[in-house]
Each structure stands twice: as C-alpha cells, then as structure tokens.
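Let me begin by presenting the structure, written as structure tokens, before commenting on it.
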Amino acid sequence: MVTKRVEDANTRYYIDLDLRKGVIIGWDFGQREQLSQELPDPAHHRVFLTKGQYRKLEKKKSIKN
30 MVTKRVEDAN TRYYIDLDLR KGVIIGWDFG QREQLSQELP DPAHHRVFLT
80 KGQYRKLEKK KSIKN
C-alpha cells in the first residue's frame, strides 16, 4: 500500500549537501514539524527551497534518467 504524502502550507522542500565533498546527498520534502533540524554529520547542510525550485530539480532529474 502506497501512502500519499501531504503537500500543504506546512510542507518544506529541501536539498541536503555534503560540504566536505561538495556533492548533493539528497533532496526531498516533508512537514515542517517532522523535519529534523540537525543532520547527523556536521559536514552535511540542509538548504530549503521554494516549491518551484524543487519542481525544477525534480524535472531535471527525470530528464537525466
């Protein structure tokens, strides 16, 4: 069974970076209250995006596949 994820006013879109290696380690979205504020590795940094920026990233990813 697939659970549909909610996108509403409390949804936050983000991209996670590894600053040590200079690479993207992932991107996703989630509800504001459920997102962790601290990433496990101090070299990892989370950058929040607008919904439009996130959609463009998803679109470009689908072109590469």
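According to our numbering, the stretch in the sequence shown is residues 30 to 94, in order. Even glycine gets a Cβ: it sits at the ideal position worked out from N, Cα and C. Just so you know, these numbers come straight off a predicted model, no measurement behind them.
Own chain, CB closer than 6 Å to residue i, minus 5 neighbours either side, in chain order
i, result
"residue 83", "42"
"residue 48", "72 and 74"
Residue range of the beta strand (DSSP E) that includes residue i
i, result
"residue 40", "40–47"
"residue 35", "Taken as a continuous stretch (DSSP letters only), residue 35 belongs to no beta strand (DSSP E), as it is neither H nor E."
Sequence-distant residues of its chain with Cβ nearer than 8 Å to residue i (five each side left out)
i, result
"residue 39", "60, 61 and 62"
"residue 35", "60"
Length of the line joining the Cα atoms of residue i and residue j
i, j, result
"residue 75", "residue 57", "11 Å"
"residue 32", "residue 53", "26 Å"
Cβ shell of residue i (< 7 Å), same chain only, five flanking positions each side left out
i, result
"residue 89", "none"
Beta-carbon gap between residue i and residue j smaller than 8 Å
i, j, result
"residue 68", "residue 45", "yes"
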